[in-house]
Amino acid sequence: MRNVYFNHDGSVDDLVSLLLLLQMPDVRLTGVGVVGADSYLEPALAASRKIIDRFGHGAQLDVAASDSRGVHPFPKEWRLDAFSLDALPILNEAGTITTPVAEKPAHLDLIDKVTHTDGPTTLVMTGPLTDLARALTVDPSITAKIDKLYWMGGTFDGRGNVAEPEQDGTTEWNAFWDPEAVKTVWDSDLAIQMVGLESTRQVPLTPAVRQHWATQRQHPAIDFIGQGYALVPALQHFETNSTYFLWDVLTTVASETPAIVTTKQVTSDVLTTGPGRGRTFETPTGRPITLVTTVDHDGFFQRIDELAILADK
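The sequence shown begins at 242 in my numbering and counts up one residue at a time.
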């Protein structure tokens, strides 16, 4: 049984990732932190607590609210999805929320959970790295109890997904939200597996994927997944800046089922200034990380189904 602490930023695929983590047979979820980056904090926090209530098999967890703030906020239009997710009927049948809010903000909650959990903890982070960077600043010794960080963020192919003024198009949003945080984590001794944009483009949300989930909606978790992804734009005729890929779910599933991805070792660093700030780039003098390069598309979607169906029990 692996200890996992999950920190996410409240969008559709973050919340689907939480649902799937709760079903993984070999995972003991020790804590959850929520940052209002690709979401607004209040609905993302509430939806996380409701998912644990509805799909957590009685897990005794609390959810920590982050008080971190981004240098470059996500577009408001994307962040609004959290309100719709929180309002989905499948999360609100009970009419009350049982899972409590943690007493401390997310970065301090992370320190507490890692420190007081027996054995090492794996970090799965599907939003910006700010809470981890702040935790490392407060207590650098926690790296001794973290066996690996799985992070969705960055890209090495020069094709970013940030289309903002005074930005050169080479940066991924989770890194752009707080470039200095990425640099702080890169300068630590943590083992990192990074899922960048180059691999997530292999698992787009498409009409065929939506239709598959529609045929499986007798399973409550798959019904939730289908309803959640109905809120966001799929890849149909061409890619836009809002096209959805299964960024966070790929990161989460790969942390549990490594056979669905191929990886390579790269040495890299992070740019913190100028029009490319937040860009992750390869350099011989950088730090080593594990980069996901290719994905077993069919195996990935099959594993989503397998985990989601476990929520029936």
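Cβ coordinates follow ideal geometry from the N, Cα and C atoms, glycine included.
Val-426 and Leu-472 do not touch by the CB rule: their CB atoms are close to 30 angstroms apart, not below 8 angstroms. A direct Cα-to-Cα measurement between Asp-359 and Val-536 gives close to 33 angstroms.
Closest in alpha carbon position to Thr-367, among Ala-328, Trp-418, His-298, Ala-552, is Trp-418. A distance of 8 angstroms or more separates the beta carbons of Leu-256 and Ser-307. For the 8 angstroms CB-CB criterion, Thr-340 and Val-245 do not form a contact. Contact holds between the stretch 462-472 and the stretch 320-328, because three or more Cβ pairs, one in each stretch, are under 8 angstroms apart.
A straight line joining the alpha-carbon of Pro-420 with that of Arg-520 spans about 8 angstroms. Per the DSSP secondary-structure output, Phe-542 pairs with nothing in a beta bridge.
Asp-250 sits buried, since 16 or more C-beta atoms from the chains shown fall within 10 Å of its C-beta. The beta carbon of Asp-294 sits closer than 7 angstroms to the beta carbons of Ala-335, Ile-338, Thr-339, Thr-340 from its chain, once the five residues preceding and following it are set aside; these are given in chain order. A residue is called buried when at least 16 other Cβ atoms come within 10 angstroms of its Cβ; Ser-382 does not meet this threshold and is exposed.
Contact between Phe-296 and Leu-270 is absent: CB atoms are separated by about 11 angstroms, not below the 8 angstroms threshold.
Straight-line measurement puts the Cα of Pro-516 at about 43 angstroms from the Cα of Pro-330. Under the DSSP assignment, Pro-448 falls in the alpha helix (DSSP H) whose first and last residues are 448-456. Glu-523 carries a strand assignment under DSSP once its states are collapsed to helix, strand and coil.
Take the alpha-carbon of Gln-452 and the one of Leu-446: they are about 11 angstroms apart.
Taking all protein chains in view, the Cβ of Gly-299 is surrounded by fewer than 16 other Cβ atoms within 10 Å, so the residue is classified as exposed. Bounds of the beta strand (DSSP E) holding Tyr-246 are 243-249. For Leu-390, the secondary structure class from DSSP, reduced to helix, strand or coil, is strand. The alpha carbon of His-460 has as its nearest neighbour, out of Ala-285, Asp-546, Gln-301, the alpha carbon of Asp-546. In this structure, the CA atom of Trp-319 is about 7 angstroms from the CA atom of Ser-280. Secondary structure note for Leu-532: its beta strand (DSSP E) is the uninterrupted segment 528-536.
In the three-state DSSP reduction, Lys-291 falls in the helix class (H, G or I). By a beta-carbon distance limit of 8 angstroms, Ser-258 contacts Thr-493. Their separation comes to about 4 angstroms.
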